[in-house]
Each structure stands twice: as structure tokens, then as C-alpha cells.
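Here the working numbering is used: the first residue of the sequence shown is 1, the next is one more, and so on.
Just so you know, even glycine gets a beta-carbon here, dropped at the ideal spot from N, CA and C.
Data first, discussion second: the structure below is written as C-alpha cells.
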Amino acid sequence: MGKYFIIVSGIYLLLGLLIGYFMGVTDLFQFTSLHVHVNLVGWVTSALFGIIYTIYKSKQHSKMVNAHFWLHMIGVPLLLLGMYFIIAGMEAIGGPLSGLGGGLVIVGAVFFCFYLFQVVQPRNE
């Protein structure tokens, strides 16, 4: 599953760059928070999840990793879409969407932390 997180992170990298470019050429900097979330939650976080899952593989915990992947893949777009609607002045739509998306991302992150605690073992030095 790690490679899928990494592949998706590349899509978010391109999206984040395009939003940043759009903001720069149009002077529409109200999208700064959306740009930041695309880059951090979409690109960086997805890439880190993928790298860590690739380094610390565990077939025993594959259901947890799979659940985390889908929570993240559904949650991040909902969060970002909700943020866009809020910025566009449609808080009645954006608030619930971003709340749901953010909640899914957080639940997925909890699964990730459980995975880390079970799979990553400290070295005895």
C-alpha cells in the first residue's frame, strides 16, 4: 500500500504547484490555506505515509493499512473541496464537507499511529 500513497502524493504535488502558480499569476491569494493543505496533507503527508509503510512492511496489519489508505483517499479530497467552498463563500456546504473530510483523515492517522506502535520496534543500543 505504501507505493499507492506515494503515487497519490505525486498528484497532490502537481495540484499544489498548480494552485500556487494560479495564485501567483492572478493575485488571488485567498486560496493560500487551500494551497498549504494540498501540499501538506495531500503531498507531504501522503508521501511520508507511503515511505514509512514501505520501510516498515507488515502483512499482519494489512487491513489497518488498507483502512488508513481509503480513509485518507476519501478524507483529503472532501477536506480540500470543503475548504474551497468555504473560501468561495459557501460555508453551508464547505463546513460539513471539510469537517467530514478532516475527521476521516484524523481517524486514518489514528490507524497509522497504531500501526507504528505495533510495527516499529526501538533498537537496543
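Integer-rounded CB distance, given that residue j should sit under 8 Å from residue i
i           : j         : result
leucine 80  : valine 38 : 6 Å
tyrosine 53 : glycine 2 : 3 Å
Contact check, residue i vs residue j, beta carbons under 9 Å
i             : j             : result
leucine 116   : tyrosine 21   : no
isoleucine 72 : leucine 40    : Looking at the sequence shown, residue 72 is not isoleucine but histidine. No, the pair does not count as a contact, with Cβ atoms beyond the cut-off.
serine 33     : tyrosine 12   : no
serine 131    : glutamine 118 : It is not possible to answer for residue 131, since the shown part of the chain is limited to 1 through 125.
isoleucine 74 : glycine 82    : no
Status (buried if at least 16 other CB within 10 Å, exposed otherwise) for residue i
i             : result
methionine 90 : exposed
glycine 99    : exposed
leucine 97    : buried
For residue j and residue i, the rounded distance between their alpha carbons
i                : j                : result
isoleucine 87    : phenylalanine 49 : 28 Å
glycine 108      : glycine 95       : 20 Å
glycine 42       : serine 9         : 6 Å
methionine 23    : leucine 78       : 21 Å
phenylalanine 69 : valine 76        : 11 Å
Q: Write down every uninterrupted run of the alpha helix (DSSP H) in the segment 58–107 whose length is 4 residues or greater and which is fully enclosed by it, in chain order.
A: 62–87
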